[in-house]
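What follows is one structure encoded as structure tokens, with my remarks underneath.
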Amino acid sequence: MDKKEFNIIICGVGGQGILLASEILALTAIESGFDVKKSEVHGMSQRGGSVFSHVRIGEKVYSPIIEKGKGDILLSLEKAETLRWVHYLKKDEPLIIMSDLEIIPPLVSLGITSYPKDVEKMLKDISSKLFIIPAKKISEEVKDIRVLNIFFLGFLSNFLPFDIKKWEEIIKSKVPENKLEINLNTFIKGKEFIKHFD
Amino acid sequence: MKNKLFLSGNEALARGAWESGVSVAASYPGTPSTEILENLAKYKEIEAEWSTNEKVAFEVALGAAIRGKRAIVSMKHVGLNVAADPLFSSAYAGINAGFVIVTCDDPGMHSSQNEQDNRRYAKFAKIPLLEPSDPQEAYDFVKIAFELSEKFEIPVLVRLTTRVSHTKGIVYVNERKEIPLRNYTKNFSKFVLLPVNAKVRHKILEEKLLELKKLSSQIEINRIEKGKNGLGIVTSGVSYNYAKEVFEDAWFLKLGMVFPFPEELFKEFYKNVKEVIVVEENEPFIEEEIKILGFKAEGKKYFPILDELSCDIIRKGYKNEELPHPENFETVKRPPQLCPGCPHTGIFYSLSRLKVTVLGDIGCYTLGALPPHNAMDTCICMGASIGNAIGFEKAGKEKIVAVIGDSTFLHSGITGLIDAIYNKGKMTLIILDNRTTAMTGHQDHPGTGITAKGEKTREINIYDIVKAIGVEEIYEVDSYNLKETLKTIKKAIESENLNVIISKRPCALLKEVRENFAKKTKMKIDEEKCLGEKCKACIRLGCPAISALNGKISISPLLCVGCEVCKEICPQGAIS
Chain F
37 MDKKEFNIII
47 CGVGGQGILL
57 ASEILALTAI
67 ESGFDVKKSE
77 VHGMSQRGGS
87 VFSHVRIGEK
97 VYSPIIEKGK
107 GDILLSLEKA
117 ETLRWVHYLK
127 KDEPLIIMSD
137 LEIIPPLVSL
147 GITSYPKDVE
157 KMLKDISSKL
167 FIIPAKKISE
177 EVKDIRVLNI
187 FFLGFLSNFL
197 PFDIKKWEEI
207 IKSKVPENKL
217 EINLNTFIKG
227 KEFIKHFD
Chain V
33 MKNKLFLSGN
43 EALARGAWES
53 GVSVAASYPG
63 TPSTEILENL
73 AKYKEIEAEW
83 STNEKVAFEV
93 ALGAAIRGKR
103 AIVSMKHVGL
113 NVAADPLFSS
123 AYAGINAGFV
133 IVTCDDPGMH
143 SSQNEQDNRR
153 YAKFAKIPLL
163 EPSDPQEAYD
173 FVKIAFELSE
183 KFEIPVLVRL
193 TTRVSHTKGI
203 VYVNERKEIP
213 LRNYTKNFSK
223 FVLLPVNAKV
233 RHKILEEKLL
243 ELKKLSSQIE
253 INRIEKGKNG
263 LGIVTSGVSY
273 NYAKEVFEDA
283 WFLKLGMVFP
293 FPEELFKEFY
303 KNVKEVIVVE
313 ENEPFIEEEI
323 KILGFKAEGK
333 KYFPILDELS
343 CDIIRKGYKN
353 EELPHPENFE
363 TVKRPPQLCP
373 GCPHTGIFYS
383 LSRLKVTVLG
393 DIGCYTLGAL
403 PPHNAMDTCI
413 CMGASIGNAI
423 GFEKAGKEKI
433 VAVIGDSTFL
443 HSGITGLIDA
453 IYNKGKMTLI
463 ILDNRTTAMT
473 GHQDHPGTGI
483 TAKGEKTREI
493 NIYDIVKAIG
503 VEEIYEVDSY
513 NLKETLKTIK
523 KAIESENLNV
533 IISKRPCALL
543 KEVRENFAKK
553 TKMKIDEEKC
563 LGEKCKACIR
573 LGCPAISALN
583 GKISISPLLC
593 VGCEVCKEIC
603 PQGAIS
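Just so you know, the protein sequences line up as chains F and V, in that order. So the first sequence is residues 37 to 234, counted in this note's numbering. So the second sequence is residues 33 to 608, counted in this note's numbering.
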């Protein structure tokens, strides 16, 4: 991997661990010698709204937010949230890693609006580098839905030039002692999940 | 590696203030400023407090600075409106030890009621303004601010914006420098702003500004960056970073000290460029300064006054170009909502059933204005609900309900309630006491009995205050008991008197509450009894844990906390 700059958007819904995942990613990049800026919005967005984090990695990073058309990677922990950010991606075959989880907001329950259909098809038209992660099945396997974010980071790590030891070091510093083993194992599971796509 | 940290702008600013030897810090929480005091409070060398409101916070920090210790006050942009009175006077009086005021503006209004540009306050109040562009500068500039403040005996305003406050970047840090207590000597002509003294102080202030104007052209945080073409970009704050990416070959006048405007430095810059473009968010502050000097510059001709800037807005605005990117898709909206188990839910559910006019305030409960409750008519600023209600009554003569949170009541609701009593108001006021300042992430306040440093203190009893003010009809309800809540509100509205309902139920996200909920069983739906799409009574509660899809109602075990309020409203008894 000779690329020197990575613009990564991590998105999902409040409570999915988006902010922790982006923090681990950013710190791993710093440990690997890069300049990093990370931006997210706090406050009202925490209350059931969509949550996002922009992580920009490079030799020297100025803007904390990614420009439309400059995003290299979109990591989405909720299906409909993926659509919110695709126009930030570069035109030419961006990498999209998406969860198949559908989290239904109250406005849909109230019948005021509807949940988007055919998300997979829309995304396939944008890039052939689309990886859909069967998150529901995986969270049953790892027996804890709260580590799903780490599974996604493991999967993402296949596309970034950071040493696995650096990832593990940062995860160790960021998760509680009694949750360390499940987090590290889940990270590896995520990394190896790439085998399911040929 | 020890001195290289990954910090947000707010964390970095707190670190820089600590290293500058700050001893006193005061604030009232408000996004995006909150983390500044939260981080300052962690240092044992700093007396840090959550004040009842921004005006008090300002006065506390100013008092410390006059006494002789370096002090800092931080708040969100609209907080400075509350503190504007002492702000203007402090510029006249001046200080003794360094005094820094931090305003965190919110362009784009991620969580604010307006997007005012507080750079205008610096000019209006006649004090120097520093504007960091990233976390490293937030750290560096606060140190410079203290030096400037002491050198010129003047308060210094440091303005961050959301994208500086909440951006994380690499920050190189140092150790704390202890600053001894300065001598305090009584100084009638300086610190007592009687007209006779204020006249003199105003003259002194104008002289300081002339000095500061000279300094602004020499200070190292205002710099010229040479370019390869004739385009000259003048910029400050986070806009600098966006502009750097869009105009790679341009000349830059990067302003760290924006007011007073560096006239001489600008003239030097002007000689080197053919065209001057000002890249700044919101107000044309810098653009106006340049135009006042009689130079040509364009800014708002290309870039909007509304909302945040970004690289693509700048690129589109000036070059009319866009980087190629995929098409935008419509997707589902996720407006903010009351949390599962939120104690406000029962109140707004009841208010929407009673179809009354509800005047609201600033806090989580502002979300009661959104579907499904739609139970709020106004939200203006901190503490406004009660005053607004008095006005509504005076204009319309019908019974009005005002709602206000515990922290907001103590912030600036009390004065409104005193006014209501004095001026014979008839409203029903509901104080939503969830035992915390929830919206900004659970800061303590005088009603919780815990200080910003985590120490126990005397708890202010809201019931006693309301009684002492002169309210004779006071009710207390538990909003988890829907029947009782509805009955009480109905009774209060029908009453001819001014009355207050105190709804006391702690926020569902508080640690102790979450621990209790963890032991509870989650609610389940009996699919045989549930009428699904035909009923939807539970959906109208607006609990995020309950959803309806394809005609079927379900309760998410992930989100449900087990508050059992939905159980109360299901007409079929299908929830248990």
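Don't be surprised by glycine CBs; every beta carbon is placed ideally from N, CA and C.
CB of residue i within 8 Å of CB of residue j, strictly
| i | j | result |
| --- | --- | --- |
| Leu166 of chain F | Lys173 of chain F | no |
| Ala115 of chain V | Ala58 of chain V | no |
| Ala97 of chain V | Ala89 of chain V | no |
| Ala65 of chain F | Phe188 of chain F | no |
| Leu192 of chain F | Ile133 of chain F | yes |
| Val203 of chain V | Ala44 of chain V | yes |
| Leu113 of chain F | Ile207 of chain F | no |
| Asp496 of chain V | Ile463 of chain V | no |
| Gly100 of chain V | Arg214 of chain V | yes |
| Leu402 of chain V | Met289 of chain V | no |
| Asn194 of chain F | Asp108 of chain F | no |
| Glu79 of chain V | Val56 of chain V | yes |
| Phe293 of chain V | Glu330 of chain V | no |
| Tyr274 of chain V | Leu225 of chain V | no |
| Thr472 of chain V | Gly62 of chain V | yes |
| Ile494 of chain V | Gly479 of chain V | yes |
| Ala171 of chain F | Ser135 of chain F | yes |
| Ile337 of chain V | Glu319 of chain V | no |
| Leu325 of chain V | Glu295 of chain V | yes |
| Asn652 of chain V | Glu504 of chain V | With chain V represented from 33 up to 608, any question about residue 652 of chain V goes unanswered, as that position is not in the structure. |
| Ile68 of chain F | Lys202 of chain F | Ile is not the amino acid found at residue 68 of chain F; the sequence shown has Ser there. The answer is yes: Cβ separation under 8 Å. |
| Ile492 of chain V | Ile534 of chain V | no |
Spatially closest choice to residue i from the options, by CA coordinates
| i | options | result |
| --- | --- | --- |
| Tyr350 of chain V | V:Glu312, V:Ile446, V:Ser197 and V:Gly395 | V:Glu312 |
| Ala421 of chain V | V:Cys413, V:Val290 and V:Lys431 | V:Lys431 |
| Glu362 of chain V | F:Val178, F:Pro152, F:Leu216 and F:Lys215 | F:Pro152 |
| Pro64 of chain V | V:Gly481, V:Gly100, V:Ser106 and V:Gly95 | V:Ser106 |
| His123 of chain F | V:Thr468, V:His357 and V:Ala550 | V:His357 |
| Gly51 of chain F | F:Asp199, F:Thr222 and F:Ile181 | F:Ile181 |
| Gly95 of chain V | V:Pro118, V:Trp82 and V:Gly111 | V:Pro118 |
| Thr84 of chain V | V:Cys136, V:Lys584 and V:Ile446 | V:Ile446 |
| Asn582 of chain V | F:Thr149, F:Gly48 and F:Ile230 | F:Thr149 |
| Arg151 of chain V | V:Cys136, V:Gly457, V:Ile585 and V:Ile601 | V:Cys136 |
| Ser588 of chain V | V:Cys371, V:Met408 and V:Asp451 | V:Cys371 |
| Ile162 of chain F | F:Tyr98, F:Gly105 and F:Val91 | F:Gly105 |
| Arg208 of chain V | V:Tyr75, V:Ser122, V:Lys332 and V:Ile253 | V:Tyr75 |
| Val498 of chain V | V:Ser527, V:Leu518 and V:Asp451 | V:Asp451 |
| Ile562 of chain V | V:Asn352, V:Ile601, V:Cys592 and V:Gly486 | In the sequence on display, residue 562 of chain V carries Cys and not Ile. Taking only the C-alpha atoms, the option nearest Cys562 of chain V is V:Ile601. |
Inter-residue CB distance, residue i and residue j (contact presumed, cutoff 8 Å)
| i | j | result |
| --- | --- | --- |
| Val72 of chain F | Ile93 of chain F | 5 Å |
| Val509 of chain V | Thr520 of chain V | 5 Å |
| Ser40 of chain V | Ser144 of chain V | Not confirmed; about 18 Å, so no contact. |
| Tyr397 of chain V | Leu514 of chain V | The Cβ separation is near 17 Å, so there is no contact. |
| Tyr153 of chain V | Leu112 of chain V | 6 Å |
| Asn42 of chain V | Asn71 of chain V | 7 Å |
| Lys158 of chain V | Leu241 of chain V | 6 Å |
| Trp82 of chain V | Asp476 of chain V | 6 Å |
| Tyr512 of chain V | Val597 of chain V | 6 Å |
| Val18 of chain F | Ala116 of chain F | Absent from the structure is residue 18 of chain F, since the part of chain F shown begins at 37 and ends at 234. |
| Arg537 of chain V | Asn466 of chain V | 7 Å |
| Gly259 of chain V | Ile186 of chain V | Between Ile186 of chain V and Gly259 of chain V the Cβ distance is about 34 Å, and since that is not below 8 Å, they are no contact. |
Next item on the list: Let me know the alpha helix (DSSP H) ranges lying completely inside the stretch 123-198 of chain V, each 4 residues or longer, listed in chain order.
Entry: 151-157, 167-184 and 194-197
Note to self: Extract the residue ranges of the beta strand (DSSP E) inside the stretch 66-133 of chain V, only unbroken runs of 3 or more that lie entirely within it.
What the structure shows: 79-82 and 103-108
Next item on the list: Please go through the stretch 278-346 of chain V and give each complete beta strand (DSSP E) segment of 3 or more residues, from N-terminal end onward.
Entry: 283-287, 289-291 and 307-311
Notebook entry, point to check: Does the count of Cβ pairs from the stretch 526-542 of chain V and the stretch 565-575 of chain V closer than 8 Å reach three?
Noted result: When Cβ pairs closer than 8 Å are counted between the two stretches, the stretch 526-542 of chain V is seen not to touch the stretch 565-575 of chain V, the count staying below three.
Item checked: Stretch pair the stretch 188-196 of chain V + the stretch 212-219 of chain V: three plus CB contacts closer than 8 Å -> no
Checklist line | Segments of 4+ residues assigned as alpha helix (DSSP H) that fall wholly inside the stretch 435-514 of chain V | finding: 446-454 and 494-501
Next item on the list: Answer yes if the stretch 372-386 of chain V comes into contact with the stretch 295-315 of chain V, meaning at least three C-beta pairs across the two stretches below 8 Å, and no otherwise.
Entry: no
Notebook entry, point to check: Given 8 Å as the limit, is there contact between the stretch 574-583 of chain V and the stretch 135-153 of chain F, that is, 3 or more CB pairs closer than that?
Noted result: yes
Checklist line | Three-pair Cβ contact test at 8 Å for the stretch 283-297 of chain V versus the stretch 258-272 of chain V | finding: yes
Next item on the list: Write down every uninterrupted run of the alpha helix (DSSP H) in the stretch 80-167 of chain F whose length is 4 residues or greater and which is fully enclosed by it, in chain order.
Entry: 115-121, 142-145 and 155-162
Next item on the list: Could you say if the stretch 240-257 of chain V and the stretch 290-303 of chain V meet the contact criterion of at least three C-beta pairs nearer than 8 Å?
Entry: yes
Check: When you check each C-beta in the stretch 101-113 of chain F against every C-beta of chain A, which residues fall closer than 7 Å?
Finding: Structure shown: chain A not included; protein chains present are F and V.
Margin query: What ranges does the beta strand (DSSP E) occupy inside the stretch 549-601 of chain V, keeping only unbroken runs of at least 3 residues that lie completely in it?
Written below: As far as the stretch 549-601 of chain V is concerned, its whole beta strand (DSSP E) runs of at least 3 residues are 578-581 and 584-587.
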